[in-house]
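In this note's numbering, the protein residues as written are 64 to 309.
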C-alpha cells in the first residue's frame, strides 16, 4: 500500500507516552512505526482521533523521543502471528519472537481485537480439563471455556503450581502469558516446560519487567486470540495460563 510508504514528519507534541501527529486516512487502533532522529524505531497505536490530529501511544515510551521523529502508519490494528509454526516459540508483548528461532514473517497474522461472542450462541460448558491437582479437580474443577483464579501471598510457590498445572493438564496446547515477569520467573517457566517435554506444544507470550509497560496490556489479548483460533479452527483442547494478573 502507498500509505505504508508515507512518513509523516509533522509531529505536534509529545507528552509522556503520547505522541500527536497531523495525518489523514488513519483508523482508530491502527499501528504505526515511529522512527526517532537516531534511527531507533518503536511501535505505536492510535488511541484518539480529532479531525486530522492523531494521538499515538508509544509502546517504548516517549523518553528520548524527538519532535523530529517520522511516523509511518501500517493501516491495520495490532496483529499476532497464527500458524502451527508458533508452537514451541516465545514472543514478547509486541508479538515479536525473542527465542532466536526461524523467521515467521511469512506466516499469517490475525488481529487481536474483534467482536464479543454472543452469549446466546454459547454452548453450556460440559467438558472438564483434568489438571491432576486434587484441590482443583475435586473442589473447583476447570471446565472448557471457563476460567479459575489462583490467589497467593508472597512466599508461596505459585509459579511451581502454575507450571505443574500446565504440565499435568490433559490439554492439546498450552498458551502461556506472562505479564511483567522478572527474568528468573520467565526462565523458570521456559526451562520447566522444556525439561518436561511440553514446550513443543506450548506458545509463550512474555512481557518481562524490563520491557515496555504498554506491551504488558497486549499479552492477554494475544494469548486468548491464539487460543481461540486453535480451539475453534483446529478443534484443539487449549489451556491458557496467565500470570501475574495482579
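Cβ coordinates follow ideal geometry from the N, Cα and C atoms, glycine included.
Using a Cβ distance threshold of 8 Å, residue 136 and residue 74 do not count as a contacting pair. Counting only runs of 4+ residues, the alpha helix (DSSP H) found wholly inside the segment 190–251 occupies 197–202 and 221–231, in chain order. Rounded to the nearest whole angstrom, the C-alpha separation of residue 251 and residue 304 is 14 Å. Taking the CA atoms as reference points, residue 224 sits about 32 Å from residue 173. Judged by DSSP in its simplified three-state form, residue 95 adopts strand.
Listed in chain order, the non-local C-beta contacts of residue 150 below 8 Å within the same chain comprise 236, 263, 264, 265 and 266, local neighbours out to five positions each way being set aside.
With respect to the 8 Å criterion, residue 82 and residue 157 are not classified as neighbours on the basis of their beta carbons.
By a beta-carbon distance limit of 8 Å, residue 218 does not contact residue 306. Their separation comes to about 16 Å. When secondary structure is reduced to three states using DSSP, residue 299 falls in the coil class, being assigned neither helix nor strand.
Less than 8 Å divides the Cβ of residue 175 from the Cβ of residue 281.
Here the segment 160–171 does not lie against the segment 196–207, with fewer than 3 beta-carbon pairs under 8 Å apart. If you draw a 10 Å sphere on the C-beta of residue 144, you find 16 or more other C-beta atoms in it, and that means buried. With respect to the C-alpha of residue 247, the residue from 271, 238 and 259 having the closest C-alpha is 271. Relative to residue 189, the option among 77, 300, 286 and 308 whose CA is nearest is 300. Residue burial annotation: residue 155 is buried, with at least 16 other C-beta atoms found within 10 angstroms of its C-beta. DSSP places residue 154 within a strand segment (E or B) once states are collapsed to three.
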